[in-house]
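Number of protein chains: 2
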Amino acid sequence: MSPRRRDAEGTAAARAERRAELLATAAEVFATRGYAATTVREVADAAGILGGSLYYHFDSKESMADEILSTFLNEMWAAYDRVLAADLGARDTLTALVAESFGCIDRHRPAVVMYQNESRHLATGPRFAYLTESRRRFEEMWMTLLERGVREGAFRADLDIALVYRFIRDTVWVAATWYQPGGRLTAAQIAEQYLAMVLGGIQHE
Amino acid sequence: MSPRRRDAEGTAAARAERRAELLATAAEVFATRGYAATTVREVADAAGILGGSLYYHFDSKESMADEILSTFLNEMWAAYDRVLAADLGARDTLTALVAESFGCIDRHRPAVVMYQNESRHLATGPRFAYLTESRRRFEEMWMTLLERGVREGAFRADLDIALVYRFIRDTVWVAATWYQPGGRLTAAQIAEQYLAMVLGGIQHE
DNA sequence: GATTCTTTCTAACAACCGTTTGGTAGAGTA
DNA sequence: TACTCTACCAAACGGTTGTTAGAAAGAATC
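These protein sequences, in sequence, are chains C and E. Quick note: the first sequence uses the UniProt record's numbering, first residue 1, plus one each step. Quick note: the second sequence uses the UniProt record's numbering, first residue 1, plus one each step.
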């Protein structure tokens with residue numbers, strides 16, 4: 001490994017770090033003000049630079065959203081795949097998936113908020129086709145799990161599976177809009193309470 | 001009542017009807033494409049007129065959003081107030097509130113979607129202060145109900161009330177994003193399934 | 001049939017948007 | 001000290017935005 005090579009790697013690493021820094025800032029602003037309503041000048045402001053300077057690091061505003069969302073989704077699916085590979089029973093799989101989901105919210109809160117609010121509009125463009133594909137795979141995974149759970153006798157058979165799927169999906173992810181890392185409850189505690197609710201209901205027996 | 005007066009009332013009614021028509025169109029477009037991302041020309045297109053013509057009926061794009069949201073919230077609170085006035089037990093009150101909520105989604109789906117997606121950003125302006133007030137009152141109502149339910153022994157006491165509140169709030173309203181009037185399930189059927197899940201849980205006993 | 005009133009169109013406006021271009025300060029290298 | 005490269009600034013660009021003013025078409029009224 002030549003010195004020239006090491007330098008190139010050093011600057012590449014520094015560059016990637018700055019990118020990640022700017023993306024974190026952008027995600028925060030996009031999440032709080034909304035992607036369409038946010039100007040690149042506002043993102044730059046929050047990062048302490050001028051609007052045009054962002055274009056040294058990124059091709060476009062859209063490519064920022066792209067990188068934010070795809071990074072989050074890749075990590076999410078890596079976590080999900082680990083759970084699925086463990087090959088647990090339906091109930092334990094659901095528990096683990098929910099726990100991982102709240103973990104994702106903890107680590108990628110602004111990205112999850114963006115996904116919730118903007119994915120439907122963004123997904124129309126070909127660049128964001130992976131959003132639609134992720135959504136499809138997500139639904140397939142959960143529906144298969146819920147059907148298996150009913151077959152195994154772990155879940156109630158008198159509920160509409162498609163409805164249960166939507167309820168679980170929505171409640172889990174919408175938590176990103178109010179969750180505060182470092183708040184009263186940790187992501188793990190919220191996951192625990194959430195599971196107690198979803199599995200057992202809120203009614204006193 | 002003079003003829004002149006009757007005419008004035010007639011045109012005022014026709015005018016209000018046209019307003020409502022345009023607002024329904026606007027709400028639909030705002031809901032599907034997002035408020036900030038939607039141009040007034042797109043709204044006008046959907047209504048079959050030109051962009052500038054909208055300003056004969058409305059002061060601004062913002063005032064359209066205002067009228068859409070306040071109309072929905074007024075009707076929602078009227079329904080909620082009827083439920084609260086009936087003075088039922090905690091469990092029946094919750095059931096009735098959830099049913100009314102899905103009824104609101106059925107009648108005001110685009111407005112509910114808008115409220116979900118945009119209220120946070122809009123509420124920063126003084127014109128939309130009622131959004132914040134409605135949110136506060138909504139939380140107060142639900143928290144009071146849940147606390148009463150625990151006291152009465154209707155609801156489990158081992159759950160975090162604030163979390164249960166958010167859980168119920170979010171799942172109910174987020175249904176507006178996928179609910180289709182005239183679809184496989186009616187609003188009442190969804191409410192029924194939803195209540196079965198929230199009250200009893202999805203786990204087989 | 002002339003007049004008025006209602007609703008829409010035509011045509012623009014200033015402001016703002018995402019983006020580009022060319023320059024520059026400063027650190028690293030020789 | 002001279003050169004290079006990185007990260008940013010300064011200033012502008014064409015296009016789009018919400019919005020406005022005046023004209024025009026058509027129905028209602030007299």
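Glycine included, C-beta positions come from ideal geometry on N, C-alpha and C. Note that the coordinates shown come from a computational prediction; the quantities given were computed from them, not determined experimentally.
Query raised in the report: Whole-angstrom Cβ separation of Phe155 of chain C and Ile202 of chain E, contact assumed at under 8 angstroms?
Result: One-based indexing of the first sequence puts residue 155 of chain C at position 155. One-based indexing of the second sequence puts residue 202 of chain E at position 202. Indeed they touch by this definition, with Cβ atoms about 5 angstroms apart.
Query raised in the report: Taking the C-alpha atoms as reference points, what is the distance between Ala123 of chain C and Leu88 of chain E?
Result: Mapped onto the first sequence, residue 123 of chain C falls at position 123. Mapped onto the second sequence, residue 88 of chain E falls at position 88. For Ala123 of chain C and Leu88 of chain E, the distance between alpha carbons rounds to 45 angstroms.
Report task. Excluding the 5 residues preceding and the 5 following Ile68 of chain E in the sequence, name in chain order all residues of the same chain whose CB lies nearer than 8 angstroms to its CB. Result -> In the second sequence, counting from the first residue as 1, residue 68 of chain E sits at position 68. Close CB contacts of Ile68 of chain E within its chain, under the 8 angstroms cut and outside five residues either way in sequence, are with Leu23, Ala26, Ala27, Phe30, Pro110, Ala111 and Met114 (chain order).
Query - For Phe155 of chain E: DSSP bridge partner residues - result: Walking along the second sequence from the start, residue 155 of chain E turns up at place 155. Answer by DSSP bridge pairing, in chain order: C:Gln203.
**Report entry** Rounded straight-line distance, which links the Cα of Gly34 of chain C to that of Asn117 of chain C
**Finding:** On the first sequence, position 117 is the one that residue 117 of chain C refers to. On the first sequence, position 34 is the one that residue 34 of chain C refers to. Between Asn117 of chain C and Gly34 of chain C, the C-alpha separation is close to 8 angstroms.
Query raised in the report: Which residues mark the beginning and the end of the alpha helix (DSSP H) in which Thr93 of chain E is found?
Result: Translated into positions along the second sequence, residue 93 of chain E becomes position 93. Taken as a continuous stretch (DSSP letters only), the alpha helix (DSSP H) holding Thr93 of chain E covers Ala90 to Leu122.
Query raised in the report: What three-state label does DSSP hand Pro126 of chain C in the structure shown?
Result: As a working mapping, residue 126 of chain C is identified with position 126 in the first sequence. Pro126 of chain C: helix per DSSP, three-state reduction.
Query raised in the report: Can you give the Cα-Cα distance for Pro3 of chain E and Arg19 of chain E, rounded to whole angstroms?
Result: For this step, residue 3 of chain E is matched to residue 3 along the second sequence. For this step, residue 19 of chain E is matched to residue 19 along the second sequence. In this prediction, Pro3 of chain E has a pLDDT of 33, which is less than 50 and means its spatial position is unreliable; what the coordinates show is noted afterwards. The alpha-carbon atoms of Pro3 of chain E and Arg19 of chain E are separated by roughly 24 angstroms.
Query raised in the report: Does DSSP classify Leu50 of chain E as helix, strand or coil?
Result: Here residue 50 of chain E corresponds to residue number 50 of the second sequence, with the count starting at 1. DSSP places Leu50 of chain E in coil when its eight states are reduced to three.
Report task. Indicate whether Ala65 of chain C and Val83 of chain C have their beta-carbon atoms separated by less than 8 angstroms. Result -> Here residue 65 of chain C refers to the residue found at position 65 of the first sequence. Here residue 83 of chain C refers to the residue found at position 83 of the first sequence. Not in contact: Ala65 of chain C and Val83 of chain C (Cβ atoms no closer than 8 angstroms).
**Report entry** Assigned exposure category for Ser134 of chain C - 16 Cβ within 10 Å defines buried
**Finding:** Here residue 134 of chain C corresponds to residue number 134 of the first sequence, with the count starting at 1. Buried.
Query raised in the report: Between Asn74 of chain E and chain C, is there a C-beta pair that is closer than 8 angstroms?
Result: Counting from 1 along the second sequence, the entry for residue 74 of chain E is found at position 74. So no, Asn74 of chain E is outside the interface.
**Report entry** Residues of the UniProt domain "HTH tetR-type" (16 to 76) of chain C with Cβ closer than 9 angstroms to any Cβ of chain E, in chain order
**Finding:** Residues Thr32, Arg33, Gly34, Tyr35, Ala36, Ala37 and Thr38.
Query raised in the report: Using the beta-carbon of each residue, which ones in chain E are nearer than 9 angstroms to Thr186 of chain C?
Result: Locating residue 186 of chain C in the first sequence gives position 186, where the first residue counts as 1. Here the premise fails: no neighbours, minimum Cβ distance about 12 angstroms.
Query raised in the report: Between Gly103 of chain E and Ala79 of chain E, what straight-line distance do the alpha-carbon atoms span, to the nearest angstrom?
Result: Numbered from 1 along the second sequence, position 103 holds the residue referred to as residue 103 of chain E. Numbered from 1 along the second sequence, position 79 holds the residue referred to as residue 79 of chain E. Each residue's alpha carbon lies about 9 angstroms from the other.
Report task. Using only alpha-carbon positions, find the residue among E:Asp45, E:Gln193 and E:Asp158 that is nearest to Ala175 of chain E. Result -> For this step, residue 175 of chain E is matched to residue 175 along the second sequence. Here the closest residue by C-alpha is E:Gln193.
Report task. Would you mind sorting Asp59 of chain E into buried or exposed? The rule is 16 or more other CB atoms within 10 Å of its CB. Result -> By one-based count along the second sequence, residue 59 of chain E stands at place 59. Of the residues assessed, Asp59 of chain E falls on the exposed side of the cut-off, its CB having fewer than 16 other CB atoms within 10 angstroms.
**Report entry** Near-chain C residues of the stretch 82 to 98 of chain E - C-beta to any C-beta below 7 angstroms
**Finding:** When C-beta distances to chain C are compared with 7 angstroms, every residue of the stretch 82 to 98 of chain E stays at or above that value.
Query raised in the report: Thinking C-alpha only, which one of E:Thr32, E:Arg41, E:Leu50 and E:Leu54 is nearest Arg15 of chain E?
Result: In the second sequence, counting from the first residue as 1, residue 15 of chain E sits at position 15. Of E:Thr32, E:Arg41, E:Leu50 and E:Leu54, the residue nearest in Cα terms is E:Leu54.
Query raised in the report: Could you check where the alpha helix (DSSP H) with Leu185 of chain C kicks off and where it finishes?
Result: Indexing the first sequence from 1 puts residue 185 of chain C at position 185. Per DSSP, Leu185 of chain C belongs to no alpha helix (DSSP H) and is neither H nor E.
Requested in this report: Find the residues of chain C that neighbour Met197 of chain E, judging by a C-beta separation of less than 9 angstroms, and give them in chain order.
Outcome: In the second sequence, the residue the question calls residue 197 of chain E occupies position 197. Ordered by position in chain C, the residues that pass the 9 angstroms Cβ test against Met197 of chain E are Arg156, Leu159, Leu163, Val164, Phe167, Val198 and Gly201.
Requested in this report: Out of E:Glu205, E:Arg91 and E:His57, point me to the one whose CA is closest to Glu147 of chain E's CA.
Outcome: Translated into the one-based positions of the second sequence, residue 147 of chain E becomes position 147. Of E:Glu205, E:Arg91 and E:His57, the residue nearest in Cα terms is E:Arg91.
Query - Residue-level contact to chain C via CB, Trp142 of chain E, 8 angstroms cutoff - result: Indexing the second sequence from 1 puts residue 142 of chain E at position 142. Not one chain C Cβ lies under 8 angstroms of Trp142 of chain E.
Query raised in the report: Which chain C residues are close to Gln193 of chain E, counting only those with a beta carbon under 7 angstroms from its beta carbon?
Result: The residue given as residue 193 of chain E occupies position 193 in the second sequence. Going along chain C in sequence order, the residues near Gln193 of chain E (Cβ under 7 angstroms) are Leu159, Asp160 and Leu163.
Query - Sequence-distant residues of the same chain with beta carbon closer than 8 angstroms to Arg5 of chain C, five excluded per side - result: Residue 5 of chain C sits at position 5 when you count from the first residue of the first sequence. For Arg5 of chain C, the predicted structure reports a pLDDT of 40, less than 50, and the residue's modelled location is therefore unreliable. The matter cannot be settled from this model.
Query raised in the report: Val174 of chain C CB to nearest chain E CB: under 8 angstroms?
Result: To locate residue 174 of chain C, count along the first sequence from 1; it is residue 174. At a cut-off of 8 angstroms, the C-beta of Val174 of chain C has a neighbouring C-beta in chain E.
Query raised in the report: Taking just the CA atoms, how far does Met143 of chain E sit from residue 212 of chain C?
Result: Residue 212 of chain C falls outside the range modelled here, since chain C spans only 1 to 205, and no answer is possible.
Report task. Report yes if the C-beta distance between Val150 of chain E and Ala157 of chain E is below 8 angstroms; otherwise report no. Result -> Start at 1 with the first residue of the second sequence, and residue 150 of chain E comes out as number 150. Start at 1 with the first residue of the second sequence, and residue 157 of chain E comes out as number 157. Here Val150 of chain E is near Ala157 of chain E, since their CB atoms are less than 8 angstroms apart.
Query raised in the report: Can you find a C-beta in chain C that's less than 8 angstroms from the C-beta of Ile190 of chain E?
Result: Residue mapping note: residue 190 of chain E aligns to position 190 of the second sequence, counting from 1. Cβ-Cβ to chain C under 8 angstroms: yes for Ile190 of chain E.
**Report entry** Among E:Leu195, E:Gln180 and E:Arg184, nearest to Val172 of chain E - alpha-carbon criterion
**Finding:** Walking along the second sequence from the start, residue 172 of chain E turns up at place 172. Considering only alpha carbons, the answer is E:Leu195.
Query - Host alpha helix (DSSP H) of Ala85 of chain E (start-end) - result: As a working note, residue 85 of chain E is residue 85 in the second sequence. Here the alpha helix (DSSP H) through Ala85 of chain E covers Lys61 to Ala85.
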